[in-house]
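Colleague:
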Amino acid sequence: MNKPEFCEFDLDLVRPRLRSVRVNGLSTCFRLEEVYWKIIEEIARKESLTVGKLISKWALEIDLKYGSVWNFTGFLRVVCVMQLIDRKYLIDLPDRAPVAPLARNSFLPMSGN
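Numbering (the working numbering), first residue to last: 18 to 130.
1. DSSP beta-bridge partners for Val40?
2. If we ignore side chains and look at the alpha-carbon of each, how far apart do Asn88 and Glu22 end up?
3. Short of 8 Å in beta carbon distance, which residues of its chain neighbour Glu51, apart from the five on each side in sequence? Order them along the chain.
4. Using CA atoms only, rank isn't needed, just tell me which of Leu66, Ser65 and Ile72 is closest to Thr90.
5. Would you kindly work out how many angstroms separate the C-alpha atoms of Leu68 and Leu49, rounded to a whole number?
6. I'd like to know whether the C-beta atoms of Phe26 and Arg36 end up nearer to each other than 7 Å.
7. For a test of the three-state rule: what should DSSP assign to Glu78, helix, strand or coil?
8. Give me the Cα-Cα distance between Ala76 and Trp54, rounded to the nearest whole angstrom.
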């Protein structure tokens, strides 16, 4: 049985990038790995929004639902993953086939090391 290859991707996707974004009218900076910026940019494009407007939308949504969040950058990462799982976005990443959406509970069970 062949083991899956987990590390076949462009290492630039792992590099963190600091980006200044306007969120609900306020300028702020987020440091996210490049892969998350690619996901956010693609979702924003598909929603016909700027990155700032998309993140503003997410910020307002989380504020209305839960109040403030303790780790907003972590929240952005989780939103990216959940969008891929729940919303069925196809995201093109460099040097890799498009990442197809995952169905909930479709993860393989962990086996012994």
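From the three backbone atoms N, C-alpha and C, an ideal C-beta is built for every residue, glycine too.
Modeller: Checking against the coordinates, here is how it stands:
1. Leu43
2. 31 Å
3. Asp29, Leu30, Val31, Arg32, Pro33 and Arg34
4. Ile72
5. According to the sequence provided, residue 68 is Val. The question's Leu does not apply to it. Rounded to the nearest angstrom, the two C-alpha atoms are 13 Å apart.
6. no
7. helix
8. 16 Å
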